[in-house]
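Count the first sequence with the working numbering and you get residues 1 to 748, in order.
Where a beta carbon is used, it is the ideal one built from N, C-alpha and C, also for glycine.
Presented below is the structure to which this report refers.
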Amino acid sequence: MSSLFSGLNPEQLEAVTLPHLSALVLAGAGSGKTRVLTTRIAHLIQSNFASPHEILAVTFTNKAAKEMLTRISTLLPINTQGMWVGTFHGLCNRMLRAHCQDAGLSRTFQILDSADQLSVVRRILKKLGVDDEKFPPRQVQWFINNAKEEGLRASKVDARDDFTRKLIELYVVYEQQCERESVVDFAELLLRSYELLINQEIIREHYRKRFSHVLVDEFQDTSRLQYKWLKLLTNEKSAVFVVGDDDQSIYAFRGANTGNMKDFERDFHVSKIIKLEQNYRSHGNILNAANTLICNNKSRIGKNLWTAEGDGEPLRVYSAQNDLDEATFICNEVRSLQTKGVMLSQMAVLYRSNAQSRVLEHAFFNASLAYRVYGGTRFFDRQEIKHALAYLRIIANPDDDNALLRIINFPVRGIGTRSLEQLQIEAASQGGSLWAAALSKFQSAMSSKLLSKNNESNRSKKGIEGFVTLIQTIRQSCAKLPLPEIIQLMLKDSGLVAYYHAEREGADRLENLYELINAANSFVYEIEDDSLTEFLAHASLEAGEHQTGIGSDALQLMTVHSAKGLEFHSVFLSGLEEGLFPHERSYNEIGGLEEERRLMYVALTRARQLLYLSFAQARMLHGQICRNSPSRFLQEIPDNVLKWLQPLQVQGAKQQVSKIKRAENEFENTISSTSIEELDLGTQTRVLSTKNQEIFQWYIGQNVVHVKFGIGIIINYEGSNADARVQVKFNRAGTKWLSLEYAKLLPI
DNA sequence: GGACTTGAACTTTTT
DNA sequence: GTTCAAGTCC
C-alpha cells in the first residue's frame, strides 16, 4: 500500500488520501496533477473505498483520458476497460447510447463534428432562402451552440428582437433537420444527456447511486452546462474531487467558465482548498518570471509556485530586426543546443497564432532542421477520410443527409445539380430524408422498367438509381462482415480506391484510406467492439488522435494553446509583440487581457531549463509590414531574471514598452471616466503621419472622417510614421484598424 | 464538371 | 500574404 504513495509531497498525499468528501485541488503547472488524480483513483480501489465500477473520471481531451487509464493500469493490476473514464462528450455519448430510447434518439444516431454542423446550417439557409450576408452560417452555428450551452431549447431562448427571432426560427429548423437525420452535434450530446438526467428520475438516481466518486481534471475549463451535468450526476453522498488551475484557464472563448471553481466551493461545501504549489518542472528563474507576471491579474484565487531546485539560467531575450531575423536566431540557438546534446524533440517553438508558423517553418526548412508542426489537418478531418466515413455513415444510418450529399456524386456518377435539386424537393414534400426520396424514386423506376420492358442495363448503373443500387449492394455484403472488412469492401466498391488511384497526387490519400482500415483494426482490438456505429462515433469524437509522423526526433512547433499540459527542456516563445501577444482582438474583450496573460503564464511554465523570449521590431502581418512594440508581458517579468542578448537595444525596447503602457493607462482612464464623445482631445499621445506634403498629427480621442465609413473617433494606434495604423470607432461602421498611409483619413 | 478569377477575411480549439 | 468560398467561363 505504501508503495502507491512513495515520493508524494505532503500536499499531494493529503489530496490523494482525502476522505469521502468533495474537494477542490488547486494544482499549479508542473505540480504533479495527473499523478495525484490517478494515484487517488488507485488508492480508492486498492483500499476498497470504491470499486472501479463506481468511479467516474472526466477529462477534456482523449489524450488525457488515455493517459489516465494507462497510468491507473500501471499502478493496479485491474482491467480498466469498463471504467467510466473519458471526455465529457465521450461519456455523454456512452450514456445516450445506453438509454437511446429514453433520450429520444435512434439506436444508430450519428455525431456531427463542427464542419458537418456548419454544412447542415448552410443547407438550411439555402433551403429557406435566407440571406447569408445578414445571417452568416458561422454566426448561426455559434448562436445554436451558445443556446445549447446555456441549456436552452429554441422555445426557451429570449426573442428580444427581430434578428434574434429569425435566429431562433433557424434553430428550430436545424433541430427538426437533425431529428429527421438522426444526427446530433457536440453541444447536443451534452444537452441531451443533461435533459435525460433531468427528466428521467430512475436513470438519474441509478447513476447517482452508482458513481460514489466523481473526479474531474482541468476543472477550470468546464462550461456552465458541464458543471450542471456534474451536479445532476451527484448528490450529497457523492465525493466530487476536482483538480484545476484558474491561472491556466485559456479557453474562455469556447465556454470555459472559471466561475465554476467558486460555485463548486459553495455548492459542494468544500471546507478547504488544497494547493499544490511545489513545481517539479522548471528552474527558479522561470517560476519567478511566471509568478510575477500572473500577479498582474486581478481575478484569481492566488498561489505561488516554488521549486526545490536552484534558480537555473536566466531567461534570454532577443530583439530581432524582423520576423525572418527572429526565425534565424531561433534556428541558430536550436542548432547550438543540439550540439550540446539536447534532443530536438525536447525543444519547442511556441507562438500565439498559427499564421506565425510560416516564417519559422521557412527558416527551419532552409536550414534542413527537422521540425514538426502540431495542429495541422487531423486524420479524421482529411477529405478522403471524410468521404470514406460518409459512405460508412450511409450504411449505418441512411437518413444522414450530410453524408449522402457528400458522396452521392463522388466519385462522379452523373448526378448533377438538377437531379439533386429535384431530389431535395421530393424529400421536402415527403417530409423524409434524401435517401428515402432516392429510394422511392428508385422503386418507381424499377416498376416502370418492368412494365415497359425497358431493360437497358446501363441505366441502372448511372444516376440516382445506380447510387441506390450501390449502397444497397454494399450494405448487403457487409451485413455479416467484421468492421475492417466492411471498410475494405466499401473502399473498393464505392470507387474511392479507383478514384484516388487515378488521381495524380492521390498516393498519400490512398495510403490514408488504407490507414483507416488499420484504425478500424486497432479499434476492434482495443474497444472489443466491431459495431459500425460505435466506430463512427469514435471517429467523430477522436478526430485528433490519429496523428502521423510521430517518432522521429524533430523540433516541436505549436501554438501556446496546444502546448498546454506539455513540457520541454527548452522553449522558444516567439512573437512577443503588442497586437500579436497579447492579441489585438483581446483588447476590446472583457477580461481579454487577463486571459492573454494566463496564456503567457502557460507558455512560460512549459520550460524546464531554458526559456527564450523573442520579438521582432518589424513583421509581415496581413500582407503589410507592421512595427509593433514589444509585448507588455515582457515588462511584467522582473529584470533580474532576464538576460538581453542584444544589450544595445535594452534601453529602446524598454522605453517603448513603457510608452505604450502609459498610453494605454491614459486611454483606459479616459474611457472609464468619460463617454467616447467626451474624450479629452488634448491627450498627449500622438503618432506622426508623413503623407505626401500633408502632415497630420493624430492622437487618441481625435474625431476623423473617412470616405467610406463616415465619422469616427480614434481610440487606439500602433506603429509610427509611414507604417502607423489607428483604430477608429465609427459612428455607424463599427470599429476598424486603418493604415494611415492608405486610409485617407481626415481630421475634423 | 472542372479550371480559373475575384474578393473578403484574417486568434486561440476540443469534442 | 494566404486561404477559402463564390462566381465565371469553357
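Is there contact here, the stretch 215 to 232 with the stretch 33 to 46, by at least three beta-carbon pairs under 8 Å?
-> Yes: the two stretches touch, three or more of their Cβ pairs being nearer than 8 Å.
7 Å Cβ cutoff met for residue 581 and residue 631 = Yes, the pair counts as a contact, with Cβ atoms nearer than the cut-off.
Hey, residue 430 and residue 437: beta-carbon distance below 7 Å or not?
-> For residue 430 and residue 437, yes; Cβs fall inside 7 Å.
Provide the residue(s) that pair with residue 643 in DSSP beta bridges, ordered along the chain.
-> 316.
Return the bridge partner residues of residue 215 from the DSSP annotation.
-> DSSP lists 57 and 241 as the bridge partner or partners of residue 215.
Mapping DSSP to helix, strand and coil, what is residue 757?
-> With the chain covering 1 to 748 only, the question about residue 757 has no answer from this structure.
Close-in-space but distant-in-sequence residues of the same chain around residue 143 (CB under 6 Å, 5 per side omitted) | Once the five neighbours on either side are set aside, the close Cβ partners of residue 143 are 167.
Measure the alpha-carbon distance for residue 239 versus residue 112 and round it to whole angstroms.
-> In a straight line, the C-alpha of residue 239 is about 34 Å away from that of residue 112.
Other residues of its chain near residue 310: CB distance less than 7 Å, five sequence neighbours each side excluded = Closer than 7 Å at the Cβ level, and outside the excluded window around residue 310, lie 283 and 284.
Can you give the Cα-Cα distance for residue 618 and residue 628, rounded to whole angstroms?
-> Looking at the two C-alpha atoms, the distance is approximately 7 Å.
Cβ-based neighbour list, residue 539, same chain, cut-off 7 Å, excluding 5 preceding and 5 following = If we look at residue 539 and ignore the five residues flanking it on each side, its Cβ neighbours are 380 and 389.
Measure from the alpha carbon of residue 590 to the alpha carbon of each residue in 542, 299, 140 and 541, then state which is nearest.
-> Ranking 542, 299, 140 and 541 by Cα distance to residue 590 puts 299 first.
For the candidate residues 485, 486, 511 and 484, whose alpha-carbon lies nearest to that of residue 497?
-> It is 511 whose Cα lies nearest to the Cα of residue 497.
With a Cβ-Cβ cutoff of 7 Å, do residue 483 and residue 535 count as a contact?
-> For residue 483 and residue 535, yes; Cβs fall inside 7 Å.
State the Cα-Cα distance for the pair residue 424 and residue 198, rounded to the nearest angstrom.
-> Approximately 37 Å, taken between the alpha carbons.
Burial state of residue 5 (16 or more Cβ within 10 Å) | So residue 5 ends up on the exposed side.
Residue 64 in three-state terms, based on DSSP | Assigned with DSSP and collapsed to three states, residue 64 falls in helix.
Mind checking whether residue 400 and residue 181 have CB atoms under 7 Å apart?
-> Result yes, Cβ atoms of residue 400 and residue 181 sit closer than 7 Å.
Run through the stretch 119 to 170 for me and flag every whole alpha helix (DSSP H) of 4 or more residues, listed as ranges in chain order.
-> You should have 137 to 149.
Do you know how far the Cα of residue 561 is from the Cα of residue 350?
-> Straight through space, the alpha carbons of residue 561 and residue 350 are spaced by roughly 9 Å.
Is residue 268 near the ligand GDP, judged by its Cβ being under 6 Å from some heavy atom?
-> Only the bare structure without any ligand can be found here, which leaves the ligand GDP out of the picture.
If you follow the alpha helix (DSSP H) that residue 492 is part of, which residue opens it and which one closes it?
-> Under the DSSP assignment, residue 492 falls in the alpha helix (DSSP H) whose first and last residues are 483 to 493.
Please list, in chain order, all residues of the same chain as residue 643 whose beta carbon is under 6 Å from its beta carbon, the five residues on each side excluded.
-> 314 and 316, listed in sequence order.
Continuous alpha helix (DSSP H) stretch holding residue 187: start and end = Counting along the chain, the alpha helix (DSSP H) containing residue 187 begins and ends at 186 to 199.
Three CB pairs or more closer than 8 Å across the stretch 226 to 246 and the stretch 4 to 24 = At 8 Å Cβ cutoff, the stretches touch.
Chain-order list of residues whose beta-carbon lies under 6 Å from that of residue 611 (same chain, five-residue window excluded) = So the qualifying residues of the chain are 286, 315 and 571.
Is residue 398 helix, strand or coil by DSSP?
-> The answer is coil: DSSP assigns residue 398 none of H, G, I, E or B.
With burial defined as no fewer than 16 other Cβ atoms inside 10 Å of the residue's Cβ, what is the status of residue 596: buried or exposed?
-> The residue in question, residue 596, is buried, as its Cβ has 16 or more Cβ neighbours within 10 Å.
Leaving aside the five residues before and after residue 352 along the sequence, list all residues of the same chain whose C-beta is less than 8 Å from its C-beta, in chain order.
-> Only residues of its own chain outside the window of five on either side were considered, and among them 559, 560, 575, 580, 581, 583 and 599 have a CB closer than 8 Å to the CB of residue 352, listed in chain order.
Residues bridged to residue 577 (per DSSP) = Answer is 630, bridged to residue 577.
Mind checking whether residue 223 and residue 149 have CB atoms under 7 Å apart?
-> For the pair residue 223 and residue 149, the CB atoms are nearer than the 7 Å cut-off.
Status (buried if at least 16 other CB within 10 Å, exposed otherwise) for residue 88 = By the neighbour-count rule (16 or more Cβ atoms within 10 Å), residue 88 is buried.
For the beta strand (DSSP E) holding residue 250, just list the boundary residues, first then last.
-> Looking at the DSSP string, residue 250 is not in any beta strand (DSSP E), and its letter there is neither H nor E.
Provide the residue span of the alpha helix (DSSP H) that contains residue 259, from first to last.
-> Counting along the chain, the alpha helix (DSSP H) containing residue 259 begins and ends at 259 to 267.
Figure out for me which residue from 54, 42, 83 and 60 has the closest Cα to the Cα of residue 527.
-> Ranking the options by Cα distance to residue 527, first place goes to 83.
Work out the CA separation of residue 204 and residue 403 for me, nearest whole Å.
-> Their Cα atoms are separated by approximately 34 Å.
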